[in-house]
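*Asks:* The structure is given below, and queries will be raised subsequently.
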Amino acid sequence: MAGTTEAVAAGETGGLLDAAGPYSPPTRPRRRWWVAVVGYVVTVYVLVTFNFLIPRLLPGGPIDALMAFGSPTYVQDDHTRANLARYYKLDESMPRQYVHYLAGLSHGDLGVSIYNNVPVRRDLGGKIAWSFFLIVSATAVSALIGIPLGVHSGWKRGKPVDRSLLGFFLAYQNLPIFVVGATAFVVFAGKLGLFPYGGGSTPFNDYTGVARAVDLVRHVSLPALMMGLDAATYQYLVMRSSMVGELGSDYLLGGRAKGLAERRLKYRYAGRNALLPVVSIIGLQFSLAITSVIFIERIFSYPGLGNYMFEAVAVRDYPAMQGAFLVLTLTVVTVNLLVDLLYRRLDPRTAA
Amino acid sequence: MLALVVATGVLAPWLAPYRPRAITGLPYESPSGAHLLGTNDAGADILSRLIWGSRTTLVVAVSATALVLAVGLAVGLVAGLRGGIVDAVMMRLVDVVLGLPVLPLLIFIATLVGPSLRASVLVIGLFLWPQTARVVRSQTLSLRSRGFVGIARGFGGGTLYVIRRHLVPALGPVIAANMVFVAGLAVSIEAGLSFLGLGDPAAVSWGAELQRAVTSPLIQTGSLWLWWLVPFGLALTFAIFGCSLIGVALEPRFNPRWRR
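Rendered as C-alpha cells:
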C-alpha cells in the first residue's frame, strides 16, 4: 500500500474507483514508449478520418448538410447545388477528396465558417483562450480544495472529520456535473445574484487594467468553482488514500521522536511524499476537464470552445463544428500521450 | 434505490396522475393537491413527467447495457480464447477506442445522426464496450488455463460449447458487476446528451426536462426551481448512485485484485 495509484484502486476508497468511468484511474498496460506513440498516431488518424468520413457517409452528404433546410444557407435550386458541389470539390472521387482534406489540414486549414464567413481557425483561436482560462482556473480551484482536504482527511483517518469528508466526496462523485452546475447557476447566479448571470465578461464594457481583471475573475469564479469541485473529488480520494499509505512510516516516528511539530510532519513530510500520485492524476484529469468544460460552458454561456461547438450546431455550421470537434479531441489525445510519457519518467515501474 | 427507479419505470402508467405530455393546467402552476409538483412551462404535470422519465432512463440503461454486453463479451472472449495476433489486434483497437475523448465524439455523432433514442443507445454502446471487453478477456485468459476448460476440450467439447457451458457461467459474476457500472454510466450519458439538447426531442427524459427548466426564463421567479429543477436532478443522482452502490457491493467479491 505504498502510495501508488494501484493502492488507491485497491485501497479503502472502495470499488467506486474501479468503475469503468470518468473517475477510474486508467489501467496502464506495461508497454514500451514507442507503442504509446504509435497508438497515439493511430488514434489521431482515426479521429481525423472520422471527421472526414462521418458527414460524407451519412444520408444527405455534406452539401445537404451545409445547405440543410432551416439553415441560413438553404439552397433549393438543383443547378446551384451542383455548382456548389463543384466549388467545394465535392464532385470528385472520395480518395481525391480525402487527399485534399489531409493536405488542407496539414496547413491548419479548417475551412470557412458558413455562418459568418470567417476562417474557422481564426474563430477558434479566441475561443481556445477562454476555455483555457476556465480550465486553468478550475484546476487551481480543484487543487486548492482536493489536496489540503485529502491531506487532512488522511491524517485524521477514521476520525469524524475523515468520515464525513469521505462520505461527502463519495456521494458528490455520483452527482452529474450538469445537475450541480445547473442548480448552482440558478441559485447562486440567479436567485441570490452573488455571481454574474453567465458570460465571460460584462458585455459592452470598456474596463482596462485591474478593473478588467476583476471583471474576468468575477465571471469565471462560479463556473470554475463548479468544475473544480468536480475534479477535486478525485484528487481528494487519491490524496487521502496516498496519505493513509504514509501514516505508519518510520520517518514520521523519527520526526516525532525529534520533537518536530505535528503540522510540519503532516504537510512537509507525509503530505509531500504522498503528493506524487495526485500530481500525475491532475494531468490525467484533462480529458475529464474537457467533458465538464462542455457542460459548464453550456450552462453558464461561457464564450469558450464547448459553447462555440453548440452555437455551430444550432446554425448547422458544419465546418465550425468539425473544427471545434477536431481541436477538442486532438487536445485530449495529445495531453494523454504527454502524460503517459511523463508518467514513465516519474514512475519507472510503469515503463517496461 | 435502483429497485425504486425500476419499479417507477415499469409502473409509470399506474403511478403517474396524468399523461406526461397532457396539458392539465396553466403553465408554471405552484404545487397543489391536483399537481403535487406543480406544472412546467407547457402546463404539463411535473410529477407525471418525473415518473414517466424514469421509463426513458430505464430503456436506455437496459438497451445500452445489453449492447455493451454483447460487443464486449464477443470481443473479450474471442481475444482471450484465440490469443496471438487476433488478441493483439483487438486489444490495440480497445486501446484506441479507450483513448478517444467520448463526449465530443458523442456530441458530434448525435448531431449528425439526428436526435433519437435509438441513436443515443447506439452511440453510448459504441463507446462503452472496450472496458467490458478488457475485463472479459483477462478473465477468459485466467480461466482458459484452468483445468476444467482443458478437460472439456479434451472430451471433444467445441468452442461454442465451452463458452456456453463453462466460460459464461464462470464469467457471470464479473460481468454482472461490470454491467451495473455500465448501466450507471449509460444513465448519466443519456441524461447528459439530452441535457445538451441532443436527446430524443419526443421522449420524456430527465435530462431534457432539466435543460427545459434551466433555459426557462421564469426559473428565477419564485421557488419554481425547487419543484422543477431539483426533483429531476435528485432522481438522476438517485439512479446513478444506486448503480454504483450495487457495483461497490459486488466488486470486492469478484475482482481478482481484491483477493489478497
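Residue numbers (this note's numbering), protein chains in the order written: chain A, 216 to 567; chain B, 7 to 266.
The C-beta atom is built at its ideal place from N, Cα and C for all residues, glycine as well.
Which chain B residues sit within Cβ distance under 8 Å of residue 510 of chain A?
*Replies:* 198, 201, 202
*Asks:* So what does residue 334 of chain A bridge to, in DSSP terms?
*Replies:* A:327
*Asks:* For a quick check, are the C-beta atoms of residue 400 of chain A and residue 409 of chain A less than 8 Å apart?
*Replies:* no
*Asks:* Check the Cβ of residue 117 of chain B against every Cβ in chain A and list those closer than 8 Å, keeping chain order.
*Replies:* Here the neighbours are 528, 536.
*Asks:* Provide the residue span of the alpha helix (DSSP H) that contains residue 473 of chain A, from first to last.
*Replies:* Counting along the chain, the alpha helix (DSSP H) containing residue 473 of chain A begins and ends at 465–473.
*Asks:* Starting from residue 221 of chain B, follow the alpha helix (DSSP H) in both directions and report where the run begins and ends.
*Replies:* 212–221
*Asks:* Write down every uninterrupted run of the alpha helix (DSSP H) in the stretch 494–525 of chain A whose length is 4 residues or greater and which is fully enclosed by it, in chain order.
*Replies:* 501–514
*Asks:* Whether or not the stretch 366–381 of chain A and the stretch 210–223 of chain B are in contact is what I'm after, with contact meaning three or more pairs of Cβ atoms, one per stretch, closer than 8 Å; do they touch?
*Replies:* no
*Asks:* On a CA-only basis, which of B:127, B:56, B:117 is nearest residue 72 of chain B? Give me that one, please.
*Replies:* B:127
*Asks:* Determine whether the Cβ of residue 243 of chain B lies closer than 8 Å to any Cβ atom of chain A.
*Replies:* yes
*Asks:* Evaluate residue 199 of chain B with the Cβ neighbour count: other Cβ atoms within 10 Å of its Cβ, from every protein chain shown; 16 or more gives buried, anything less gives exposed.
*Replies:* buried
*Asks:* Determine which residues of the stretch 542–559 of chain A have a Cβ less than 8 Å from any Cβ of chain B, and write them out in chain order.
*Replies:* 543, 544, 547, 548, 551
*Asks:* Whose C-beta lies closer than 8 Å to the C-beta of residue 490 of chain A among residues of the same chain, with five residues either side of it excluded?
*Replies:* 362, 454, 457
*Asks:* Tell me the residue span of the alpha helix (DSSP H) that contains residue 388 of chain A.
*Replies:* Per DSSP, residue 388 of chain A belongs to no alpha helix (DSSP H) and is neither H nor E.
*Asks:* Given a threshold of 16 other Cβ atoms within 10 Å of its Cβ, counted over all protein chains shown, does residue 551 of chain A qualify as buried or as exposed?
*Replies:* buried
*Asks:* Quick test of your reading: residue 543 of chain A and residue 505 of chain A, contact by CB under 8 Å. State the CB separation rounded to the nearest angstrom.
*Replies:* 6 Å
*Asks:* Run through chain A and tell me which residues come within less than 8 Å of residue 124 of chain B, C-beta to C-beta.
*Replies:* Those do not exist, as residue 124 of chain B stays about 15 Å from chain A at its closest Cβ, beyond 8 Å.
*Asks:* Excluding the 5 residues flanking residue 218 of chain A on each side, which residues of the same chain have their C-beta closer than 8 Å to its C-beta?
*Replies:* Confidence at residue 218 of chain A is low in this model, with a pLDDT of 35, below 50, so its placement is unreliable and no value can be given for it.
*Asks:* Pick from A:509, A:254, A:412: whose alpha carbon is nearest that of residue 431 of chain A?
*Replies:* A:412
*Asks:* Can you give me the C-alpha to C-alpha distance between residue 344 of chain A and residue 427 of chain A, rounded to a whole angstrom?
*Replies:* 16 Å
*Asks:* Flag this pair as yes or no: are the beta carbons of residue 138 of chain B and residue 78 of chain B separated by less than 8 Å?
*Replies:* yes
*Asks:* Taking just the CA atoms, how far does residue 293 of chain A sit from residue 497 of chain A?
*Replies:* 53 Å
*Asks:* Residue 431 of chain A lies in the alpha helix (DSSP H); which residues open and close that run?
*Replies:* 424–461
*Asks:* Quick one: what does DSSP say residue 346 of chain A is sitting in, helix, strand or coil?
*Replies:* helix
*Asks:* Would you kindly report the start and end of the unbroken alpha helix (DSSP H) that includes residue 114 of chain B?
*Replies:* 108–119
*Asks:* Please report whether the beta-carbon of residue 254 of chain A lies at a distance below 8 Å from any beta-carbon of chain B.
*Replies:* yes
*Asks:* Less than 7 Å between C-beta atoms, sequence neighbours within five positions excluded: which residues of the same chain meet that for residue 356 of chain A?
*Replies:* 439, 440, 443
*Asks:* Please report whether the beta-carbon of residue 265 of chain B lies at a distance below 8 Å from any beta-carbon of chain A.
*Replies:* Note that residue 265 of chain B scores a pLDDT of 44, beneath 50, so its modelled location is shaky and nothing firm can be said.
*Asks:* For chain A, check one thing: does any of its Cβ atoms lie closer than 8 Å to the Cβ of residue 64 of chain B?
*Replies:* Judged by the 8 Å Cβ criterion, residue 64 of chain B is not in contact with chain A.
*Asks:* Is the Cβ-Cβ distance between residue 502 of chain A and residue 107 of chain B less than 8 Å?
*Replies:* yes
*Asks:* Could you tell me the alpha carbon to alpha carbon distance between residue 261 of chain A and residue 535 of chain A, rounded to whole angstroms?
*Replies:* 20 Å
*Asks:* Below 7 Å, is the gap between the Cβ of residue 195 of chain B and the nearest heavy atom of the ligand ATP?
*Replies:* This structure does not include the ligand ATP; it has no bound ligands of any sort.
*Asks:* Let me make sure I understand the geometry here. Which of B:95, B:134, B:184, B:12 has the alpha-carbon closest to that of residue 195 of chain B?
*Replies:* B:134
*Asks:* Is the distance from the Cβ of residue 538 of chain A to the Cβ of residue 325 of chain A below 8 Å?
*Replies:* yes
*Asks:* Note down, in chain order, every chain A residue with its Cβ under 9 Å from the Cβ of residue 211 of chain B.
*Replies:* Residues of chain A passing the Cβ test: none, with the nearest at roughly 13 Å.
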